[in-house]
Each structure stands twice: as structure tokens, then as C-alpha cells.
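Notes to accompany the following structure.
Protein chains: 2
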Amino acid sequence: MPPPDPAHRRLTQRDIARLAGVSQTTVSLVLNNRAGADSRIPAETRDRVLRVIRETGYVADPAARRLAARRNRILGVFTYEPVFPSATGDFYHPFLVGIEECAEQFGCDLLLFTSAPTVDGRKRVYHQDNRLRLADGCVLLGRELDREDLARLVGERYPFVSVGRRDDAGGTVPYVGADYASAVRDLVVRARALGHERVAYLGHGVGAESYADRFRGFAGVVGRPLRLAPGEPADMAERVLAAGVTAVFAEEYADAAALADLLGRRGVTVPGDLSILTLGDPTRPAPTDIDFTGFLIPRREMGRQAVEDLTELIEGGPPVQRLLPCELTEGVTLAPPTK
Amino acid sequence: MPPPDPAHRRLTQRDIARLAGVSQTTVSLVLNNRAGADSRIPAETRDRVLRVIRETGYVADPAARRLAARRNRILGVFTYEPVFPSATGDFYHPFLVGIEECAEQFGCDLLLFTSAPTVDGRKRVYHQDNRLRLADGCVLLGRELDREDLARLVGERYPFVSVGRRDDAGGTVPYVGADYASAVRDLVVRARALGHERVAYLGHGVGAESYADRFRGFAGVVGRPLRLAPGEPADMAERVLAAGVTAVFAEEYADAAALADLLGRRGVTVPGDLSILTLGDPTRPAPTDIDFTGFLIPRREMGRQAVEDLTELIEGGPPVQRLLPCELTEGVTLAPPTK
DNA sequence: CCCTCGCGCTAATGCGCATTAGCTGAGGAA
DNA sequence: TTCCTCAGCTAATGCGCATTAGCGCGAGGG
Numbered sequence: 001m002p003p004p005d006p007a008h009r010r011l012t013q014r015d016i017a018r019l020a021g022v023s024q025t026t027v028s029l030v031l032n033n034r035a036g037a038d039s040r041i042p043a044e045t046r047d048r049v050l051r052v053i054r055e056t057g058y059v060a061d062p063a064a065r066r067l068a069a070r071r072n073r074i075l076g077v078f079t080y081e082p083v084f085p086s087a088t089g090d091f092y093h094p095f096l097v098g099i100e101e102c103a104e105q106f107g108c109d110l111l112l113f114t115s116a117p118t119v120d121g122r123k124r125v126y127h128q129d130n131r132l133r134l135a136d137g138c139v140l141l142g143r144e145l146d147r148e149d150l151a152r153l154v155g156e157r158y159p160f161v162s163v164g165r166r167d168d169a170g171g172t173v174p175y176v177g178a179d180y181a182s183a184v185r186d187l188v189v190r191a192r193a194l195g196h197e198r199v200a201y202l203g204h205g206v207g208a209e210s211y212a213d214r215f216r217g218f219a220g221v222v223g224r225p226l227r228l229a230p231g232e233p234a235d236m237a238e239r240v241l242a243a244g245v246t247a248v249f250a251e252e253y254a255d256a257a258a259l260a261d262l263l264g265r266r267g268v269t270v271p272g273d274l275s276i277l278t279l280g281d282p283t284r285p286a287p288t289d290i291d292f293t294g295f296l297i298p299r300r301e302m303g304r305q306a307v308e309d310l311t312e313l314i315e316g317g318p319p320v321q322r323l324l325p326c327e328l329t330e331g332v333t334l335a336p337p338t339k
Numbered sequence: 001m002p003p004p005d006p007a008h009r010r011l012t013q014r015d016i017a018r019l020a021g022v023s024q025t026t027v028s029l030v031l032n033n034r035a036g037a038d039s040r041i042p043a044e045t046r047d048r049v050l051r052v053i054r055e056t057g058y059v060a061d062p063a064a065r066r067l068a069a070r071r072n073r074i075l076g077v078f079t080y081e082p083v084f085p086s087a088t089g090d091f092y093h094p095f096l097v098g099i100e101e102c103a104e105q106f107g108c109d110l111l112l113f114t115s116a117p118t119v120d121g122r123k124r125v126y127h128q129d130n131r132l133r134l135a136d137g138c139v140l141l142g143r144e145l146d147r148e149d150l151a152r153l154v155g156e157r158y159p160f161v162s163v164g165r166r167d168d169a170g171g172t173v174p175y176v177g178a179d180y181a182s183a184v185r186d187l188v189v190r191a192r193a194l195g196h197e198r199v200a201y202l203g204h205g206v207g208a209e210s211y212a213d214r215f216r217g218f219a220g221v222v223g224r225p226l227r228l229a230p231g232e233p234a235d236m237a238e239r240v241l242a243a244g245v246t247a248v249f250a251e252e253y254a255d256a257a258a259l260a261d262l263l264g265r266r267g268v269t270v271p272g273d274l275s276i277l278t279l280g281d282p283t284r285p286a287p288t289d290i291d292f293t294g295f296l297i298p299r300r301e302m303g304r305q306a307v308e309d310l311t312e313l314i315e316g317g318p319p320v321q322r323l324l325p326c327e328l329t330e331g332v333t334l335a336p337p338t339k
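Which chain is which? The protein sequence lines are A and B, in order. Once you know that position 14 of the first sequence is 14 in this note's numbering, the rest is easy, because the numbers rise by one and skip nothing. Once you know that position 39 of the second sequence is 39 in this note's numbering, the rest is easy, because the numbers rise by one and skip nothing.
As C-alpha cells, then:
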């Protein structure tokens with residue numbers, strides 16, 4: 001590549017140094033406030049340098065900075081599912097709000113790894129020419145992270161924090177998750193207290209950690225846990241009714257909404273004839289006016305906390321795993337059973 | 001900073017070179033597919049290098065790459081108003097969708113400049129220690145961009161594209177805007193065709209380019225354009241009625257919604273007694289069930305196009321300014337005047 | 001008068017890569 | 001044989017910065 005037009009070449013520390021009549025080293029020292037015992041800079045010199053910097057509007061090249069100092073104040077954000085495109089977009093949005101807030105607070109920029117190509121319908125961190133190392137560390141977002149990716153990140157000692165609990169992958173995976181198990185357990189206990197004996201879990205209950213955790217919480221307090229696969233929406237209502245339960249715990253909010261709708265058409269009232277509880281926020285659009293009883297995922301807080309943990313990890317701290325409590329929502333879809 | 005534990009030091013081209021029994025230069029050449037006449041590499045050597053790269057999973061350090069090659073495939077996104085926090089969030093979301101889509105298509109990552117501190121209630125591109133130059137170029141988003149920022153970007157020949165038309169700022173400002181003037185004109189013409197003679201523009205009509213453009217379109221086809229400042233919502237309805245017009249063109253969707261609501265309470269029907277037209281999508285939450293006649297801003301497309309123009313600008317292309325057409329919405333709030 | 005000593009600074013180096021300018025050895029021409 | 005060519009590489013350099021080692025100098029001590 002030809003060298004850029006010198007007239008428009010941007011300023012470097014050397015330029016500043018020349019203008020201030022000092023060395024490049026001194027500029028760097030002033031810039032980074034390195035007033036250590038090994039290199040003191042009198043106020044006069046410092047002011048002179050700072051004045052030139054102010055007048056010229058010099059800003060350090062972050063790439064060079066990263067190369068030399070291995071630090072950037074840039075945090076990566078990798079999302080396994082598309083964030084902006086709106087199907088799941090509204091679900092991930094609050095996480096990003098938290099991430100953004102906290103990043104701003106720490107004075108960090110956010111690098112969204114949008115370039116990751118989609119292979120077999122999934123994104124992968126490690127692809128040809130990934131730019132992971134441009135950031136000091138990375139926040140991982142998505143329902144299902146690739147286990148190979150995780151193992152490799154762990155193996156390479158790359159600083160990252162997962163939003164959402166993850167099973168170990170060849171080492172400790174740092175995460176900020178939601179305490180689904182406890183939240184589900186609390187809901188079941190509450191339903192029990194109202195008299196519900198025959199209850200069902202509507203959902204997969206396996207696969208993604210978030211599903212498994214919910215079902216674990218359910219199975220932990222229900223003797224012989226009954227699980228109904230969501231399956232075809234069309235006959236979901238039938239299967240639920242056939243199960244002869246008085247309360248349904250829906251893994252997916254959208255399933256709860258669909259179920260309520262289907263039941264309504266059949267004249268089955270909620271919560272009169274059947275109680276329905278939601279186990280988290282909608283991950284897909286679920287048009288409904290019903291104020292479900294259930295719990296909310298502390299998404300924003302999870303985002304914030306992930307960034308906080310990440311910065312500490314980058315500083316050399318130990319990997320931490322933590323679960324944040326979910327907030328129960330009163331709602332109107334849980335009532336004592338009538339039959 | 002102490003050198004990192006060599007056991008965990010990540011691979012460099014030199015490591016690859018050693019493993020493949022070639023020089024670092026060769027690795028670089030293979031990696032960048034530099035098969036020019038000046039440096040030919042036989043298939044055998046190339047394959048050997050590629051195999052080592054594959055086996056080790058080597059990926060080039062993007063910071064070093066940027067430093068040496070001055071290219072990054074990272075596009076910056078600077079937003080003058082907060083994007084995620086949800087007040088205006090829903091308005092900006094579609095722009096980001098378009099930006100993200102197009103960036104992915106081009107294999108670019110997105111750098112969100114979240115670290116820009118808010119000064120005097122506004123964000124500024126140029127602040128202490130900004131990281132603009134980490135990206136190859138930048139997309140600017142926001143209703144009102146800072147003119148000083150713009151002038152400086154232009155002056156420094158920094159590649160950027162504004163989403164939304166901007167007046168020149170010491171040079172041509174590349175933008176992808178919405179053709180508000182034409183859209184408003186079309187709406188006025190349409191209202192005229194239905195018999196509306198006395199019409200009013202409800203809004204500022206000055207300040208941000210997007211406001212000015214709308215009013216310009218309005219004033220261009222209305223003899224003595226009447227402009228009503230939005231002012232206090234409480235008496236907005238009174239002022240509109242006092243103006244004795246048959247159709248109102250509302251700059252802000254939220255104002256249209258508020259107006260319709262206020263009129264409804266007074267028994268004034270829309271569009272029976274008064275037609276109301278909206279000039280774009282809601283920039284603030286506007287709860288309403290009304291299907292307004294007006295137009296939509298091609299936000300997603302604007303985002304896409306901005307990224308496309310930006311990449312061409314980075315490639316050395318000329319700055320382009322373009323306006324995208326707005327889509328008229330039929331709606332139910334425009335009808336022939338009754339008085 | 002020499003000899004520390006510490007202050008205030010700078011020369012030199014390397015981060016990992018892309019790029020330019022060669023260098024080497026084999027094969028062909030003279 | 002000698003020279004030339006050219007394919008196939010490599011050494012060297014610099015991108016802009018942070019960092020390390022250390023230089024020159026004046027003050028204070030012996």
C-alpha cells in the first residue's frame with residue numbers, strides 16, 4: 001500500500017514530541033500518566049506536552065497501543081444468535097443494555113463480532129480470520145454456545161465471560177447466569193402451597209443449560225416430574241388437558257401464551273381450570289395481554305455483571321461463576337386448583 | 001508489563017514459519033494470498049504452510065495487522081443519542097439492524113463507541129482518548145450531529161458516512177438520508193387532491209436537518225405555510241383548532257398521537273373533522289392504536305446503504321450523498337375535509 | 001577535587017505483521 | 001566455462017506505541 005499523503009497523515013507521538021521539544025518517550029509517559037519513581041516529569045514539561053496534545057487534538061492509535069501494551073480497553077461481544085435482527089432481538093436487547101452501560105462506566109468500547117460467518121446455521125467464534133484478539137476480552141451471549149469454541153477459549157486462556165451458565169468445557173467456564181433452578185423451585189413450592197398436586201413441565205428440559213437448569217429445579221421438588229414436550233402447537237392444549245394436571249410450568253413464554261390462547265378457544269379458563277406459569281421472558285415474539293405468573297430473567301443486571309467480571313478477569317483476577325436471582329412476577333395465572 | 005507466560009503465549013507467524021520450515025514472510029504471503037508476479041509460492045509450500053495454520057489454529061493478531069497494513073475490516077458506529085437505553089432505542093434499532101446485516105455481509109466487525117462520555121448532555125466524537133482510528137471508518141447516527149465533530153472528520157479525511165442528511169461542514173458530508181422533502185410534498189399533494197386547502201405543519205421545522213427537510217418539502221408546495229410549534233401538549237389541540245385548518249402534518253409521530261388523543265376527548269373526530277398525517281416513525285414511545293396516514297423512514301435500508309457507501313469510501317471511492325425514498329402508508333387518518 | 005546520587009530526560013528495543021529489496025541456486029544461453 | 005535469468009524464497013524494515021536501560025548534569029558529601 002502506498003504511504004498515505006503526508007499532508008493528511010495523522011499525528012503520531014513523534015509529531016507531538018517534536019512540537020513540544022521533547023522525546024517520543026516523554027510524550028508517551030505524559031500520556032499514560034507514568035509518574036512513577038523511575039521517571040518523573042516536572043509539571044512544566046508535562047503541561048507543555050499536554051498543551052500541544054490539546055492544540056493538535058492528537059489521539060493515540062489504539063492498534064499500536066494494543067500491540068505494544070497488550071491492552072485496549074476494548075471489550076468484545078460475541079453473540080451466537082443474531083442480536084439485532086428482531087426475531088430474538090427483543091430478548092437479547094436488555095443484555096446489551098446492561099453490557100453497554102457497564103462498558104461505558106469502565107470507559108471501554110464494545111466490539112461486536114458481526115463478521116463471524118454462519119456455518120450450518122450457527123455462528124462460531126473460531127473461524128478463519130477471527131478478530132478476537134483485538135479486544136482485551138469478550139462477553140459471550142446466546143442460548144447455546146459451541147462447546148468446542150468454549151474449550152478452545154479456556155485452553156487459550158482467553159479472557160471471557162459467558163452470559164448464562166455453562167457446563168465446564170475442559171476447564172472452568174466463567175459465567176453470569178440466572179438462577180433458574182431456584183426460581184422454578186420457588187414457583188413450584190408456591191403452587192404446592194395453593195394446593196396443586198399434579199403439575200407438569202412444558203418444554204425440553206434438556207439441551208441448553210438454561211433448559212436443563214429449569215427442569216432440574218422442577219424435578220428437585222416434584223416427586224415424579226412430568227414433562228410434556230412442546231411439540232406441535234396445534235395439539236399442545238389437548239396433551240396438556242390429557243395429562244390431567246392443575247398447573248403447567250412453561251419453559252418458553254411463547255408456549256405459555258399459545259397454550260392460554262388454545263385453552264381459551266376451548267372454553268378452558270386460566271387460572272380457573274388450569275394455572276399456567278412462565279419460566280422467564282419471551283425469547284420469541286409472543287403476542288398476549290395476559291399477565292402471567294412466573295419470573296423474570298435479570299437480563300440487564302446479567303449484562304452489567306458480566307462486563308464487571310470480565311474486566312476483573314482481564315486484570316488478572318480468577319474466573320468467577322455466579323448465578324443471579326430471578327424476580328418472581330405475581331401475575332394472574334396462578335390460583336388454587338378447582339378439581 | 002511482564003512478558004506473558006511463554007507457555008500461554010499465543011502463536012505468531014514466526015511460530016508457524018518455524019513449524020513449516022519457511023520464513024515469516026512466506027507465512028504472511030500465503031496468508032494474504034499474495035501470489036503476485038513478484039513473489040510466487042509453489043503449491044507444495046503453500047499447502048505445507050496452510051496445513052500448519054490449520055493444525056495450530058493460528059489467527060493473525062488484528063492489532064498488528066492494522067498497524068502494518070492500515071486496514072482492519074472494522075467499522076465504527078457512533079451514535080449521538082443512546083441506542084440501547086430504550087427511550088429512543090426502538091427508533092434506532094432498525095438502523096442498527098441494517099448496519100449489522102451489511103457489516104456481516106462484508107465480513108466486517110462493528111465497533112460501538114460506547115466510551116464516548118456525555119458532555120453537556122451530548123456525546124462528542126472527539127473526546128479525550130477516542131478510539132476512532134481503530135476502525136477503518138465510521139457510521140454516524142443521531143438526529144443532531146455536532147457540527148464541529150463533522151468539520152473535523154471532514155478535515156482529517158476520516159472516512160465516515162452519516163445516517164441522515166447533513167448540511168456541509170467545511171466540506172462534503174457523505175450521507176444516506178431519507179428523502180423527507182419529497183415524502184412530505186407527496187403527502188401534501190395528496191391531501192390537496194382530496195380538497196384540503198388550509199393545512200398546517202406541526203413541529204419545529206428547523207434545527208435538525210431532518211426537521212428542516214420536512215418543512216422545506218411542506219413549504220415548497222404550500223403557498224403561505226403555517227407552522228405550529230408543538231409547544232405544550234396540553235393546549236396543542238386548542239391551537240390546532242384555533243388555526244382553522246383541515247389537515248395537520250405532524251413532524252413527530254408522538255405529537256400526532258397526542259393530538260389525536262386530545263381531539264378525541266373533545267369530540268373532534270379524525271379524520272372526520274380533521275385529518276392528521278405523520279411524517280415518519282415514532283422517535284419516542286407513542287402509545288396509540290391509530291393507523292396514521294403518512295410515511296415510513298426506510299431505516300433498515302438506510303443502515304445497509306450507509307455501510308455499503310462507507311466500505312466504498314474506505315476503498316478510496318468518492319464521498320456520496322444520497323436520499324432514499326420513504327414509503328407512504330395508506331392509514332385511516334386522511335379523508336376529504338367536511339367544512 | 002573527585003565521587004556519588006538522583007533528577008529529568010532520551011535512545012533503543014520490541015510488540016506481530018505486511019512489504020520491499022534483495023539473495024540463492026538451478027537451468028539455459030553464449 | 002561464464003554469465004544471465006528467474007523462480008522461490010528470506011532479511012530487513014517500519015507501522016505507532018510502551019517500556020527498559022541508561023545518559024548527562026548539577027548538587028552534595030568526602
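Glycine residues also receive a C-beta, built at the ideal position from the N, C-alpha and C atoms.
Given a cut-off of 8 Å on the beta-carbon distance, is the pair residue i and residue j in contact?
{"i": "A/Val248", "j": "A/Leu259", "result": "yes"}
{"i": "B/Phe78", "j": "B/Phe113", "result": "yes"}
{"i": "A/Tyr201", "j": "A/Leu226", "result": "yes"}
{"i": "A/His204", "j": "A/Ala237", "result": "no"}
{"i": "A/Ala63", "j": "B/Ala103", "result": "no"}
{"i": "A/Asp382", "j": "A/Glu209", "result": "With chain A covering only 1 through 339, there is no way to say anything about residue 382 of chain A."}
{"i": "B/Gly57", "j": "A/Tyr126", "result": "yes"}
{"i": "B/Ala181", "j": "B/Gly223", "result": "no"}
{"i": "A/Leu313", "j": "A/Gly137", "result": "yes"}
{"i": "A/Pro94", "j": "A/Arg239", "result": "no"}
{"i": "B/Arg214", "j": "B/Leu140", "result": "no"}
{"i": "B/Leu31", "j": "B/Ala69", "result": "no"}
{"i": "A/Ser132", "j": "A/Gly207", "result": "The sequence given here has Leu at residue 132 of chain A, not Ser. It is not a contact, given that the beta carbons lie outside the stated cut-off."}
{"i": "A/Leu198", "j": "A/Val163", "result": "The identity of residue 198 of chain A in the sequence shown is Arg, whereas the question assumes Leu. No. Outside cutoff."}
Return helix, strand or coil for residue i, following the three-state DSSP convention.
{"i": "A/Ser343", "result": "Residue coverage of chain A in this structure runs from 1 to 339, which leaves residue 343 of chain A outside it and unanswerable."}
{"i": "B/Ile290", "result": "coil"}
{"i": "A/Ala137", "result": "For the record, residue 137 of chain A in the displayed sequence is Gly; it is not Ala. The answer is strand: DSSP assigns A/Gly137 an E or B state."}
{"i": "B/Leu334", "result": "coil"}
{"i": "A/Gly303", "result": "helix"}
{"i": "B/Gly264", "result": "helix"}
{"i": "B/Thr341", "result": "A query on residue 341 of chain B cannot be resolved here, the shown segment of chain B reaching from 1 to 339 and no further."}
{"i": "B/Asp281", "result": "coil"}
{"i": "B/Ile41", "result": "coil"}
{"i": "B/Leu241", "result": "helix"}
{"i": "B/Phe249", "result": "strand"}
{"i": "B/Arg48", "result": "helix"}
{"i": "A/Thr311", "result": "helix"}
{"i": "A/Phe78", "result": "strand"}
{"i": "A/Phe295", "result": "strand"}
{"i": "A/Arg340", "result": "Nothing about residue 340 of chain A can be read from this structure; chain A reaches only from 1 to 339."}
{"i": "A/Leu19", "result": "helix"}
{"i": "B/Thr12", "result": "coil"}
Notebook entry, point to check: What residue ranges within the stretch 199-228 of chain B form continuous alpha helix (DSSP H) runs of no fewer than 4 residues, ordered along the chain?
Noted result: 209-221
Next item on the list: Pair every Cβ in the stretch 143-159 of chain B with every Cβ in the stretch 251-267 of chain B, then say whether three or more of these pairs are closer than 8 Å.
Entry: no
Next item on the list: Pick out the complete alpha helix (DSSP H) segments inside the stretch 135-190 of chain B, 4 residues or longer, and give them in chain order.
Entry: 147-155
Check: Listed in chain order, which residues of the stretch 22-46 of chain A have Cβ atoms closer than 8 Å to some Cβ of chain B?
Finding: none
Check: How about the stretch 95-111 of chain B and the stretch 303-323 of chain B: do they share at least three Cβ pairs that are nearer than 8 Å?
Finding: yes
Next item on the list: Return the residues of the stretch 93-112 of chain B that lie within a Cβ-Cβ distance of less than 9 Å from chain A, sorted by chain order.
Entry: His93, Pro94, Leu96, Val97, Gly98, Ile99, Glu100, Glu101, Ala103, Glu104, Phe106, Gly107, Cys108, Asp109, Leu110, Leu111 and Leu112
Notebook entry, point to check: Of all the residues that make up the stretch 284-317 of chain A, which are near chain B by a beta-carbon distance shorter than 8 Å?
Noted result: none
Note to self: By the 9 Å beta-carbon criterion, what residues does the stretch 48-67 of chain A contribute toward chain B?
What the structure shows: Gly57, Val59, Ala60, Asp61, Pro62, Ala63, Ala64, Arg65, Arg66 and Leu67
Note to self: Contact between the stretch 43-59 of chain A and the stretch 10-25 of chain A is defined here as three or more beta-carbon pairs at a separation below 8 Å; is this criterion met?
What the structure shows: yes
Note to self: Give me the subset of the stretch 146-158 of chain A whose CB atoms are less than 8 Å from a CB atom of chain B, sorted by chain position.
What the structure shows: Arg152, Glu156 and Arg157
Checklist line | Near-chain B residues of the stretch 206-222 of chain A - C-beta to any C-beta below 9 Å | finding: none
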